[in-house]
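Peer 1: I am attaching a structure below and will ask some questions about it afterwards.
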Amino acid sequence: MMKFILLGFSDISHLQWILFGMFLLMYLTILMCNGIIILLTKIDSNLHTPMYFFLSNFSFLEVCYVTVTIPRMLMDLCTLKGNISLFACAAQMCLILMLGGTECLLLMVMAYDRYMAICKPLNYAILMNHKVCTQLVAASWISVIPVVIGETYQIFSLPFCGSNRINHFICDIPPVLKLACGDTFVNEIEANIIAVVVVTVPFLLIMVSYGKIISNILKLTSARGRAKAFSTCSSHLIVVVLFYGTASITYLQPKTNQSEEIGKLLSLFYTIFIPTLNPIIYTMRNKDIMLALRKLITKLFA
């Protein structure tokens, strides 16, 4: 069976143990912080609301996302080999695209939830009941699966008769397509269409939601009410800007304008750095989460 070689950070191999320690620390931070969020939303009755139901699902998604990429990177840094079978490469690409697409949709759902809470508060409890929330999360996960499987199959059906060295630390679409010796024009067009649908459309809907949210917040007469409304939305908006910013540059920018090293750097942001920041942003800027955490610590050490 054909094998690829992930070059990863071979150009700075003298820093392998520094990178290993840094990525391991980030991975453990992501697991711990997201695990705390999931635990708190389960055990604290004050967090049994749609917003925290979506947040716990988002935290679980983040754990899955980084687990697809970071352990493999750590192993490659240890061995400095980077060998990966065609099937394993295809599976990693499929999972990265599926989880990344789900994250786009889930961020859109979370924005919709904030829109309903702030713009339609009287009907919020009825419109965003547990059944509806579960259906929205399920739709976010399921809807991307057939599209991603189809796209991955199309890419790995291409002939790879040249170099097998992928200048990246993950099996992502741009670096893999560069190794195909057939005509990849159709695959590039398909990838761009999927990126526009999965990345751009949810982002535009999020911006529309926040436009309406900000308009409604500014109409509030109470300064305290405005501050509280902004605080519940600001964390999510920061995460949206960070995630969509790097994802858009990576997948929507013409490939001729993007060097391989810049592509790797951007991928580092949305595969490691941003998932590390996300739970910190959600916990440090959220009074309910911090209160629930203090209650839990008090119980444990009382």
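Using numbering that gives the first Met the number 0, you'd call the opening residue of the sequence shown number 0 and step up by one each time. The beta-carbon is built from N, C-alpha and C at its ideal position, and this holds for glycine as well.
So Glu150 packs on Glu189, CB below 8 Å; how close in whole Å?
Peer 2: Position 151 of the sequence shown, counted from the first residue, corresponds to residue 150. Position 190 of the sequence shown, counted from the first residue, corresponds to residue 189. Their Cβ separation, rounded to whole angstroms, is 6 Å, which keeps Glu150 and Glu189 in contact under 8 Å.
Peer 1: According to DSSP, is Leu157 part of a helix, a strand, or is it coil?
Peer 2: In the sequence shown, residue 157 corresponds to position 158, counting from 1. Three-state result, Leu157: coil.
Peer 1: Short check: CB of Ala138 to CB of Phe159, under 8 Å?
Peer 2: Here residue 138 corresponds to residue number 139 of the sequence shown, with the count starting at 1. Here residue 159 corresponds to residue number 160 of the sequence shown, with the count starting at 1. Contact flag unset, no.
Peer 1: Alpha carbon to alpha carbon, how far is Met97 from Ile288?
Peer 2: Your numbering for residue 97 matches position 98 in the sequence shown. Your numbering for residue 288 matches position 289 in the sequence shown. C-alpha separation (whole angstroms): 28 Å.
Peer 1: Kindly provide the ranges of any beta strand (DSSP E) runs that are 3 or more residues long and lie completely inside the stretch 28 to 101, ordered along the chain.
Peer 2: Counting only runs of 3 or more, we get 82 to 84.
Peer 1: On the CB-based measure, 16 or more other CB atoms within 10 Å of its CB, does Pro145 come out buried or exposed?
Peer 2: The sequence position of residue 145 within the sequence shown is 146, counting from 1. Classification for Pro145: exposed.
Peer 1: Identify whether Leu178 lies in helix, strand or coil by the three-state DSSP scheme.
Peer 2: For the purposes of this step, residue 178 is identified with residue 179 of the sequence shown, where counting begins at 1. Looking at Leu178 - three-state DSSP - the assignment turns out to be coil, as it is neither helix nor strand.
Peer 1: So, using beta-carbon positions, are Tyr114 and Ser230 closer together than 8 Å?
Peer 2: For the purposes of this step, residue 114 is identified with residue 115 of the sequence shown, where counting begins at 1. For the purposes of this step, residue 230 is identified with residue 231 of the sequence shown, where counting begins at 1. No. Outside cutoff.
Peer 1: Please state if the CB of Ile280 and the CB of Ile212 are separated by a distance shorter than 8 Å.
Peer 2: Taking the sequence shown and counting its residues from 1, one reaches residue 212 at position 213. Taking the sequence shown and counting its residues from 1, one reaches residue 280 at position 281. Contact: no.
Peer 1: Apart from the five residues just before and just after Ser247, which ones in its own chain have a Cβ nearer than 8 Å to its Cβ?
Peer 2: The residue you call residue 247 lines up with position 248 of the sequence shown. The answer, listed in chain order, is Val198, Thr199, Phe202.
Peer 1: Please go through the same chain and pick out, in chain order, the residues whose beta-carbon is closer than 8 Å to the beta-carbon of Met109, but skip the five residues on each side of it.
Peer 2: Residue numbering aside, residue 109 sits at position 110 when the sequence shown is read from its first letter. Result list for Met109: Met50, Phe53, Leu54, Phe57, His235, in chain order.
Peer 1: Using a Cβ-Cβ cutoff of less than 6 Å, which residues in the same chain neighbour Ile165 once the five nearest sequence positions on both sides are dropped?
Peer 2: Within the sequence shown, the letter at position 166 stands for residue 165. The residues are Phe3, Leu5, Pro174.
Peer 1: CA-CA distance, Ala226 and His129?
Peer 2: The sequence position of residue 226 within the sequence shown is 227, counting from 1. The sequence position of residue 129 within the sequence shown is 130, counting from 1. Rounded to whole angstroms, Ala226 to His129 spans 27 Å at the Cα level.
Peer 1: Count the other C-beta atoms from every protein chain shown that fall within 10 angstroms of the C-beta of Tyr64, then say buried if there are 16 or more, exposed otherwise.
Peer 2: Stepping through the sequence shown from its first residue, residue 64 is reached at position 65. Buried, since its Cβ has 16 or more Cβ neighbours within 10 Å.
Peer 1: So, with DSSP's three-state summary, where would you put Leu106?
Peer 2: Taking the first residue of the sequence shown as position 1, residue 106 is located at position 107. Helix, per DSSP.
Peer 1: Measure the CB-CB distance between Gly7 and Asp75 and report whether it falls below 8 Å.
Peer 2: Locating residue 7 in the sequence shown gives position 8, counting from the first residue. Locating residue 75 in the sequence shown gives position 76, counting from the first residue. Closer than 8 Å, so yes.
Peer 1: What does Leu217 pair with, by DSSP beta-bridge criteria?
Peer 2: Within the sequence shown, the letter at position 218 stands for residue 217. Answer is none; Leu217 lacks a bridge partner.
Peer 1: Given this structure, state the Cα-to-Cα distance separating Met25 from Pro274, to the nearest angstrom.
Peer 2: For the purposes of this step, residue 25 is taken as the residue at position 26 of the sequence shown. For the purposes of this step, residue 274 is taken as the residue at position 275 of the sequence shown. Cα to Cα, Met25 sits roughly 9 Å from Pro274.
Peer 1: If I'm right that Leu30 touches Val62 with Cβ under 8 Å, what's the distance once you round it to whole angstroms?
Peer 2: Within the sequence shown, residue 30 is the residue found at index 31, counting from 1. Within the sequence shown, residue 62 is the residue found at index 63, counting from 1. Confirmed, Cβ separation roughly 6 Å.
Peer 1: Using only CA atoms, which one of Thr270, Gly210, Trp140 lies nearest to Cys118?
Peer 2: Here the question's residue 118 lines up with position 119 in the sequence shown. Checking every option, the nearest Cα to that of Cys118 belongs to Gly210.
Peer 1: Where do the ends of the beta strand (DSSP E) carrying Lys2 lie?
Peer 2: Counting from one through the sequence shown, the residue named residue 2 turns up at place 3. Taken as a continuous stretch (DSSP letters only), the beta strand (DSSP E) holding Lys2 covers 2 to 5.
Peer 1: Please determine, among Gly161, Leu60, Asp112, Met127, the residue with the shortest C-alpha to C-alpha distance to Leu94.
Peer 2: Looking up residue 94 in the sequence shown gives position 95. Comparing Cα-Cα distances from Leu94 to each of Gly161, Leu60, Asp112, Met127, the minimum goes to Leu60.
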